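What follows is a single structure, written as structure tokens, with notes after it.
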């Protein structure tokens, strides 16, 4: 077990969640330190997206979620966001009828006007590609640009932990690198990232630590530098052989 | 089962005795109220099938009462047509009601709930406006006299008995329908339309039949209402009445006959007892409606249904009995379901891209792949929910037309769903009996009158469903309402429903999701046994261990194409598969 | 005759359009079709007559009070009839709960105000002109509302938040938009618009409790035809409906007009259930 994890920023204990009567997660324990990049891997249907939703309050859940010293076990998404934990949901769901900049302003809804515009500019500065299109409707962006916009939306509030759900899905390799590079850049500001990714190698290259989820439980936790990681992952995924 | 049957009968019997004996009180005012309750019930009994069973929010039903009332009144009065007997006029009202029922009901086939509700409301508004404006016929705001029925059902107790007989008849007939495969199909349309389709329920035909019946009863009710009022004006048919009909059903509880009957009696009698409240009655009905919607959606029927409040055993185990499967499925050998070059795109995204696949009876065929690889899409193409742009499907060599999910049951293709589609308000047994719907031979009319063919159907479906429930290990829960089951039990219940169709091919969409390890093991054994009994099983699943355990063949999809196909052992060691799964 | 068809038709049409917008404003923030739109319009007329005629308030004070009442009713609708059922698994319960609430208010009005139509005061003390105030006030109210909403949606952050929720409420929730407060605000706004519709059209439609069902239906027709949430469709549809109704009234009589409107409504919905401007349905399995 790694012991070098920094002071925990997010601490999840015994988290269970699901949809109606269908339980998806059973008793998840997970920790993320300040400024740490953690990859969350696992096969389809393992419950990765469900886990992010349960942490951010988009799904009802049981168990304990502590964030930056606060108990957010029963917090609404709005309260979670206020606490500094932002969840960028999968599928670059930006508001296509609104302009790029309006999308960013909405991401900081509730902030004071001056601060809001400043922080929106700041988030936009991460992605020069879309800065040029700030006055265009988000619907006119390409899929990759929409994903950048979605990530930029996540940055407007200067979160302490950013949860990214499959930011690479449907993007070309170049764009994947751009989006993931932005995540790496965040680390230098002290922002922690929890990354759900299908592209394992890219995720491993970026992350400090990795959790693997299968059938609703954490089946593996490791530092990315550990030996034989990909074989252990494979075994963890297919659930046989151990 | 028998106790419940008895309880229901006893209540109906007591009501009947009280109703027949009412004239002994020699209170003519009580007679008027009781007559009114009977008249209302004739309409509500029919409407109950629409609202309570099929779940269609028909709120403007007063329009049909209006039409019936004016038809009978005008035909009897002879001001516009030659004068005819009120009894014949009543028949004409039923016909007009039936036709209007179809007109009002037609939009329900295509429109969403609120639109349909609004359509019925619009119809009611317009019928009232016409009644006011068409002075030559309806007398406009002045109104027109109601019909007087001649002996033996002349005004007073004679008319009361006439209404009572009709009301009793309606109770009997709608109860018959409720207990038939048609009633189960209606509730399925209400609670789980997709499951109804997959079981082969033809929604348009069934709904239209029910609208005809309900419209005819409303027409008759209108004719009787005109007679009871002795003089009718458009004012008599205000929206309050629609609200009363509607609320009587919701207070009574959806999916019940007795509940709405009690609701009708309650709402008719209550304002008479509490005279000062009469002015407030509709206000109170509206308040009651709000409270019911917010607090007790189940209504009276739920409160009476104490059997389903008894706690279930806490730790229940599902123990399938695969040995029963060959007897239940009774499949002749051989059969192939083949897809060739099927392509389907949504917008610009190719969900499946030139897919060719063969499924054989007697085998478990696993379909795996990452998210968005086209597994569920393939399943939805086979079961008719999606219509591909290219390619074809053949069942035993004959072309299987794309689209038309409600026709798949006829080809003996059954399926389950990612999220179990349960008919929450019906018992587990009824849920499973739905699966055999298409094997019923009797018509709606035969069920209405419980003729022999109807009874044979019911017996056959019940036996088959019980057998299927026993095979999957749920027989002890047969009488329990389905929404009380645990998630894993619902998964097995869906399989039982599919087995009741005696399917040649069974498609399972992530049946193991949310199950415990032990349950997955039993599920695996069950699925394997189903295939060995001669049914071809197509299994879409994320649990790789289950797939590798029980499949005879596995196909791996990626981006809508076949990445690999072979035995589980071949797939397990296939490098590309492993990396697709791991996403390297 | 043409003159009165046009002026009366456009004025009634403007009221229908405003009721249509009332449906839209509620729908946009909650995806709920609420039966309370017609009731709000009815209240606008009744309360206007109550404040100005019976209580003798100046017209402008009466107007402001009516709008305030509309907002309050809107907020109560959200709290009592919408919020509790949105949580329920059973969809479409809101059809029943908003219907019940609308009936509750309408019945209360019928009891306290009476079921007969009462006259509505003239708002501006001038003589009847060629294009009388009872015709131009509704048109003005409609135009002002459309412009106001345009400003709200294009220029303010809260307006954009409404659009965001309308487009993708899940994404809006994930971003931390205060969904509940925004929904409350939109119901209050809808209350104001609905009450304004009844107030502006008061002299034409009178202070009459029966207006609730009429406005409910005729206000919904343009929305259904134009596509839910589409305000432009509601305005165009409402004005056309008003003109058509008046023309038919004058030329062939009221029965035909009612039947024709209903027939068009049903036929169009059967052919295009999502309206002329709407998108098609969602995935079911």
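Chains as they are written, first to last, in the numbering used here: chain A, -4 to 237; chain B, 113 to 696; chain C, 2 to 286.
Glycine included, C-beta positions come from ideal geometry on N, C-alpha and C.
Since the structure is predicted, the reported quantities are computational estimates derived from the model, not experimental observations.
- For the C-beta of residue 229(B), the chain C residues within less than 7 Å are, from N- to C-terminus, 96.
- Within the region 163 to 174 of chain C, contact with chain A at the beta-carbon level (separation under 9 Å) is assigned to 164, 165, 167, 168, 169, 171, 172, 173 and 174.
- Here residue 483(B) carries a coil assignment [DSSP, helix/strand/coil].
- For residue 420(B), the closest C-alpha among the options 324(B), 597(B) and 170(B) is that of 597(B).
- By alpha-carbon distance to residue 127(B), the top candidate from 682(B), 491(B), 490(B) and 374(B) is 374(B).
- At a C-beta separation below 8 Å, residue 179(C) has these neighbours in chain A: 73, 104 and 105.
- Close to residue 255(C), with beta-carbon spacing below 8 Å, are these residues of chain B in chain order: 241 and 245.
- Using a Cβ-Cβ cut-off of 9 Å, residue 32(C) is close to nothing in chain A; its nearest Cβ partner there is about 16 Å away.
- Within chain A, not a single residue places a beta-carbon under 9 Å from that of residue 666(B); the smallest gap is close to 13 Å.
- Sequence-ordered contacts of the region 210 to 230 of chain C with chain B read 214, 215, 217, 218, 221, 222 and 225 [C-beta pairs closer than 8 Å].
- Within its own chain, the residues whose Cβ lies closer than 8 Å to the Cβ of residue 60(C), once the five positions on either side in sequence are excluded, are 53, 122, 124 and 125, listed in chain order.
- Pairing residue 10(C) with residue 243(C) gives a Cβ-Cβ distance under 8 Å.
- Non-local beta-carbon contacts of residue 476(B) in its own chain, meaning distances under 7 Å to residues more than five positions away in sequence, involve 639, 640, 643, 649, 651, 662, 663 and 664 in chain order.
- Residue 21(A) and residue 172(C) have their alpha carbons spaced roughly 26 Å apart.
- Closer than 8 Å to the CB of residue 188(A) there is not a single CB belonging to chain C.
- Interface with chain B (8 Å Cβ-Cβ cutoff): residue 265(C) is excluded.
- At least one beta carbon of chain B lies nearer than 8 Å to the beta carbon of residue 82(C).
- Of the residues 616(B), 463(B) and 241(B), the one whose Cα lies closest to the Cα of residue 669(B) is 463(B).
- For residue 5(C), the enclosing alpha helix (DSSP H) covers residues 3 to 31.
- Residue burial annotation: residue 415(B) is exposed, with fewer than 16 other C-beta atoms found within 10 angstroms of its C-beta.
- In the three-state scheme derived from DSSP, where H, G and I count as helix and E and B as strand, residue 257(B) is classed as strand.
- Runs of alpha helix (DSSP H) with 4 or more residues, each lying fully within the region 376 to 437 of chain B, are found at 393 to 406 and 411 to 416, listed in chain order.
- Residue burial is scored here from C-beta neighbours: residue 141(B) has fewer than 16 other C-beta atoms within 10 angstroms and is therefore classed as exposed.
- In the DSSP assignment, the residues bridged to residue 14(A) are 17(A).
- If you draw a 10 Å sphere on the C-beta of residue 135(A), you find fewer than 16 other C-beta atoms in it, and that means exposed.
- Bounds of the alpha helix (DSSP H) holding residue 148(C) are 134 to 156.
- Bounds of any alpha helix (DSSP H) do not take in residue 151(A), whose DSSP letter is neither H nor E.
- When Cβ-Cβ separations below 8 Å define contact, residue 406(B) makes contact with chain C.
- At a cut-off of 8 Å between beta-carbon atoms, residue 84(A) makes contact with chain C.
- Contact with chain C is absent for residue 173(B), since none of that chain's Cβ atoms lies less than 8 Å from the residue's Cβ.
- Counting only the Cα atoms, residue 235(B) lies some 10 Å from residue 264(C).
- Its Cα nearest to that of residue 223(C), the residue 246(C) stands out among 246(C), 98(C) and 45(C).
- Classified as exposed, residue 499(B) has fewer than 16 neighbouring CB atoms from the shown chains inside 10 Å of its CB.
- At a cut-off of 8 Å between C-beta atoms, residue 161(C) counts as an interface residue with respect to chain A.
- Secondary structure of residue 622(B) (DSSP, three-state): coil.
- When Cβ-Cβ separations below 8 Å define contact, residue 176(C) makes contact with chain A.
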